[in-house]
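Enquirer:
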Amino acid sequence: MTHEWRPLDLRRADSRPRDGELVALKLMPAGSRARSFDRTQYDIGFFRPDGMTKSPKLWWLGAHGVDDPIRMKKHMHLLHSVFFSGSHS
1 MTHEWRPLDL
11 RRADSRPRDG
21 ELVALKLMPA
31 GSRARSFDRT
41 QYDIGFFRPD
51 GMTKSPKLWW
61 LGAHGVDDPI
71 RMKKHMHLLH
81 SVFFSGSHS
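Okay, so the sequence shown: first residue is 1 according to this note's numbering, each after it adds one.
So, in structure tokens, the structure goes:
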């Protein structure tokens, strides 16, 4: 089974994965890290809005823990593929 990898764009709600969708991330080092740390990593999880504030900020809840996708994009090229749409309440 093959999956389509697309660049992760969190700027618009209609271009990012929906809350509760099981997503695979493909993390590829960017910039100077690409030269010194040339290893693609994968993570599986989902995005959730910040529950502490009313802001539209999203957090990545993956197999390797919770992370800020904006911070991740500063160091990695992020591609995503949606595997399952459902609720993770």
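C-beta atoms are modelled at their ideal positions from N, C-alpha and C, and glycine is treated no differently.
1. Just list the residues that DSSP pairs Arg51 with in beta bridges.
2. Taking Cβ positions, are Leu10 and Ile70 nearer each other than 9 Å?
3. Could you check if Pro17 is buried or exposed, using at least 16 other CB atoms within 10 Å of its CB as the buried criterion?
4. Sort Gly45, Ser55, Val23 by Cα distance to Glu4 and report the nearest one.
5. Tell me whether His64 sits in a helix, a strand or coil according to DSSP, three-state version.
6. Can you look up Arg39 in the DSSP assignment and give me helix, strand or coil?
7. Specify the secondary structure class of Ala30 as computed by DSSP and reduced to three states.
8. Return the CA-CA distance between Pro56 and Tyr42, expressed in angstroms with no decimal places.
9. If you follow the alpha helix (DSSP H) that Arg71 is in, where does it begin and where does it stop?
Expert: Taking the coordinates as given:
1. Indexing the sequence shown from 1 puts residue 51 at position 51. Residue identity differs from the one stated: residue 51 is Gly in this sequence, not Arg. Beta bridge pairing from DSSP links Gly51 with no other residue.
2. Your numbering for residue 10 matches position 10 in the sequence shown. Your numbering for residue 70 matches position 70 in the sequence shown. Yes, the Cβ-Cβ distance between Leu10 and Ile70 is below 9 Å.
3. For the purposes of this step, residue 17 is taken as the residue at position 17 of the sequence shown. With 16 or more other Cβ atoms from the protein chains shown falling within 10 Å of its own Cβ, Pro17 counts as buried.
4. As a first step, residue 4 must be located in the sequence shown, where it is residue number 4. For Glu4, the closest of Gly45, Ser55, Val23 by C-alpha to C-alpha distance is Val23.
5. Taking the sequence shown and counting its residues from 1, one reaches residue 64 at position 64. In the structure shown, His64 sits in coil (DSSP, three-state: anything other than H, G, I, E or B).
6. On the sequence shown, position 39 is the one that residue 39 refers to. In the three-state scheme derived from DSSP, where H, G and I count as helix and E and B as strand, Arg39 is classed as coil.
7. What you label residue 30 is simply residue 30 of the sequence shown in a count that begins at 1. In this structure, Ala30 counts as coil in the three-state DSSP scheme.
8. Numbered from its first residue, the sequence shown carries residue 56 at position 56. Numbered from its first residue, the sequence shown carries residue 42 at position 42. Cα to Cα, the separation comes out at about 25 Å.
9. Numbered from 1 along the sequence shown, position 71 holds the residue referred to as residue 71. Residues 69-75.
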